[in-house]
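Before any comments, here is the structure.
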Amino acid sequence: MKLVLSIAMLLGSLSAKAENLIKIDGSSTVFPITEAVSEEYQAFTKGATKVTVGVSGTGGGFKKFCRGETDVQNASRPITKEEMATCRTSKINYFELPIAFDAIAIVVNTKNNWVNEITTEELKKMWEPAAQGKIMTWKQVNAKWPDEKLTLFGASTDNGTFDYFTEAIVEKAKSSRGDYTASVDHNTRVMGVNSSKGALGYMPYSYYISNKDKLKILGIIGGAKAPSKKAVLPNEKTVISGTYFPLSRPIFIYVNQAAMVRPEVKQYAEFYLDKAAEMVKQVQYIPLPATAYTQAKEHLKKNKMGTVFGGEAQVGLTIEQILKKEATM
C-alpha cells in the first residue's frame, strides 16, 4: 500500500512539474531579450518552471499563438488584422505589452568605401518588387557609385523585421523583390554581408552592435517626413527622439489571457516587466521609460486586453506617441 501511495505521489509530482511549462515563440529580434528574461526567471523559480523559447519569426509565431499553442508571443511589430481575426476565431484573447525599442540597421561590407549614408529613396530603388532582376549593381541605384554587383541580404517573409522594413521603405508591408538572400536568422545576414564587398543588408541594431568589427553601418536620410534632413545613425538618443526615421520601432510580447490563469504565467509576465529595462540594456536594445512598464503592469492588473494599433502598420512612432496610444486602451 505504501509503495502504491509513493508511486502515486511521484506521478503527481511529475505531473505538477510538467504543467509548469511556459511556451514562447515568435520574433528572432525579441528572442535575445526573452531568452535573457527567461533564464533569470527559471533561476528565480529554482527550476520549478521551465520556459521554452522558439524562433519562428513574428508571423510564424502568431500562427502558433492564435491557435493556442503558445502562452507568450514575441513580436517585432504589432499584431495584424489578419492575425487578430485568426485569434478571434480561436477565441484567443491577449495582452499587448511593449517591452523595448529597436532600430533596423542598414549595413554594408567593411570594404565598401563609396557609401557612408543612404536615402530611403535609394533603399526603395534597391528593394521594391520592380527592382527584381533589373537593379543588379550599385551604379544603377546612384550614378556616383561604382559598377559593383549589388548583393542583398534581408529578413524572411515570416520575420516582423521584413514586414516593418517593407512598410517603412517600400511603403507597403510584405512588398519586396524576391531575388535576395532571405533568412529568419539575423546572424546569417551578418555573415552574408561580411562575405561580399558589394553586399547590403538590414537587421536589428543589436545584431550590428554585436558584430561591429564585421560590418559597416550607414546613416539614413529619411525623406520628407523625417524630423532631420541630414543622415542619422541609430543609437539610443536618435531612436528615443525619433530622429532615426523611419527605421525605429517598438517591440512587444503578447500574452494569452487564458494562460494568465496559471500562476506561473502570471508571475512570468510580471517578472518580465520588472526585469525588462535591465535585460533590454544587457542585450544591447533600448529600454522604454519606466512609466511604460508601469503602464503595462496596470493593463495586466486591470485586465485590459487587445491592441492599440488596430492591426495597422505603424511606421516611425516615437516613444511618446506609443505611450499616448497605450494610455487610451
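Going by the working numbering, the sequence shown opens with residue 76, and the numbers climb by one from there. For glycine and all other residues, C-beta sits at the position ideal for the given N, C-alpha and C. In this text, all values refer to a predicted model and were calculated from it rather than measured experimentally.
Paired residues, beta bridge with residue i - DSSP
i      : result
Pro173 : Phe327
Lys291 : Val183
Asp100 : Gln148
Thr212 : Lys224
Ile397 : Note: Ile397 sits in no beta bridge, so no partner.
Thr241 : Paired residues: none, contrary to the question.
Gly229 : Ala257
Collapsed DSSP secondary structure at residue i in the structure displayed
i      : result
Val128 : strand
Asp222 : coil
Asn95  : coil
Val79  : With a pLDDT of only 47 at Val79, under the threshold of 50, the placement of this residue in the model should not be trusted, and no figure is reported.
Ala352 : helix
Val307 : strand
Ser90  : The predicted model places Ser90 with a pLDDT of 44, which falls under 50 and marks its position as unreliable, so this point remains unresolved.
Gly391 : coil
Ala425 : In the structure as shown, the chain begins at 76 and stops at 404. Residue 425 is therefore absent and cannot be evaluated.
Ser423 : The requested residue 423 is not part of the displayed model; the chain covers only 76 to 404.
Ala405 : There is no way to answer for residue 405, as the model of the chain reaches only from 76 to 404.
Ile361 : strand
Ile296 : strand
Phe320 : coil
Residue-chain proximity (residue i, chain B), Cβ-Cβ < 9 Å
i      : result
Gly101 : Protein chains in the displayed structure number just one, and chain B is not present.
Nonlocal neighbours in the same chain, by C-beta distance under 6 Å from residue i, ignoring five residues either side
i      : result
Thr194 : Ile296
Trp308 : This sequence places Leu at residue 308; Trp is not what is there. So the list reads Gly294, once near-sequence residues are dropped.
Neighbourhood of residue i by C-beta, 7 Å cutoff - its chain only, sequence neighbours within 5 removed
i      : result
Ala388 : Glu242, Ala248
Cys141 : Glu158, Thr161, Cys162, Ser165, Ile167
Gly253 : Gln207
Val358 : Pro107, Ile108, Ala111, Ser281
Lys186 : Lys272
Gly386 : Ile154, Thr155, Lys156, Met159
Residue i, enclosing alpha helix (DSSP H) - first and last residue
i      : result
Glu115 : 106-119
Thr366 : 365-376
Ala301 : Where Ala301 is concerned, there is no enclosing alpha helix (DSSP H), given that its DSSP letter is neither H nor E.
Residue i: first and last residue of the uninterrupted beta strand (DSSP E) it sits in
i      : result
Tyr277 : 274-279
Ile193 : 192-194
Thr382 : Per DSSP, Thr382 belongs to no beta strand (DSSP E) and is neither H nor E.
Thr155 : Thr155 -> no beta strand (DSSP E), and no H or E assigned at all.
Ser250 : Counting along the chain, Ser250 falls outside any beta strand (DSSP E), and DSSP gives it neither H nor E.
Cut-off 8 Å between Cβ atoms - residues of its own chain near residue i, not counting five sequence neighbours on either side
i      : result
Glu395 : none
Ala365 : Ala352
Is the stretch 176-196 touching the stretch 314-325, taking contact as three or more C-beta pairs under 8 Å? Between the stretch 176-196 and the stretch 314-325 there are three or more C-beta pairs closer than 8 Å, enough to call the two in contact.
Could you say if the stretch 130-144 and the stretch 229-240 meet the contact criterion of at least three C-beta pairs nearer than 8 Å? Contact between the stretch 130-144 and the stretch 229-240 is present, because at least three Cβ pairs lie under 8 Å.
For the pair the stretch 197-217 and the stretch 356-370, tell me if three or more CB-CB distances fall below 8 Å. no
Check whether the stretch 338-356 touches the stretch 261-273, taking contact to mean three or more Cβ pairs, one atom from each stretch, closer than 8 Å. At 8 Å Cβ cutoff, the stretches do not touch.
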